[in-house]
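Peer 1:
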Amino acid sequence: MPNLTDADRAYVDKFVRNVGEALEKCPNADASTQLLFDACKEVSGPGFIPLGTFDRLLRATGQERTDRRYGKRYTGLLPKDPAFHDRVWYRN
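Residue numbering for the sequence shown follows our numbering, beginning at 14 and increasing consecutively.
1) Which same chain residues end up closer than 6 Å to T108 when comparing Cβ atoms and leaving out the 5 residues on each side of it in sequence?
2) Indicate whether the contact test is met: 3 or more Cβ pairs, each with one atom in the stretch 75–82 and one in the stretch 50–66, closer than 8 Å.
3) Taking C-beta to C-beta, are T88 and A35 nearer than 8 Å?
4) Output needed for F50: all residues of its chain with C-beta closer than 7 Å, excluding positions within five of it in sequence on either side, in chain order.
5) Which residues mark the beginning and the end of the beta strand (DSSP E) in which L17 is found?
6) Straight-line CA distance for K93 to K38?
7) In the structure shown, what three-state DSSP assignment does R78 receive?
Right, here's the structure in full:
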């Protein structure tokens, strides 16, 4: 579990509201942190939370993060917007 700062905690309400609108569970999806962040930012608008805070809050909710050669990714999450689906890797 990541160590959340007081600044991170200040964004919890905005995080919960936007993640619920922008992301959904998908057991075989493998998506980059940046892709998930972009999907949430699209729903929220330009005033979304910082990327580092977003990453720490995702981990704090129990989401599984993997460090791959090509970047940090989360398994089991998928943007709801189909425009982002071509940037998600699906496990067989």
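Each residue gets a CB set at the ideal place from its N, CA and C atoms; glycine is no exception. This structure is a prediction, so every number in the text was calculated from the model and none was measured.
Peer 2: Quick answer:
1) Here the chain has residues from 14 to 105 only, and residue 108 is not among them.
2) no
3) Your numbering for residue 88 matches position 75 in the sequence shown. Your numbering for residue 35 matches position 22 in the sequence shown. Not a contact, by the Cβ cut-off of 8 Å.
4) Position 37 of the sequence shown holds residue 50. The answer, listed in chain order, is L64 and F67.
5) Here the question's residue 17 lines up with position 4 in the sequence shown. That residue, L17, is in no beta strand (DSSP E); it is neither H nor E in DSSP.
6) For the purposes of this step, residue 93 is taken as the residue at position 80 of the sequence shown. For the purposes of this step, residue 38 is taken as the residue at position 25 of the sequence shown. Between K93 and K38, the C-alpha separation is close to 9 Å.
7) By one-based count along the sequence shown, residue 78 stands at place 65. Strand, per DSSP.
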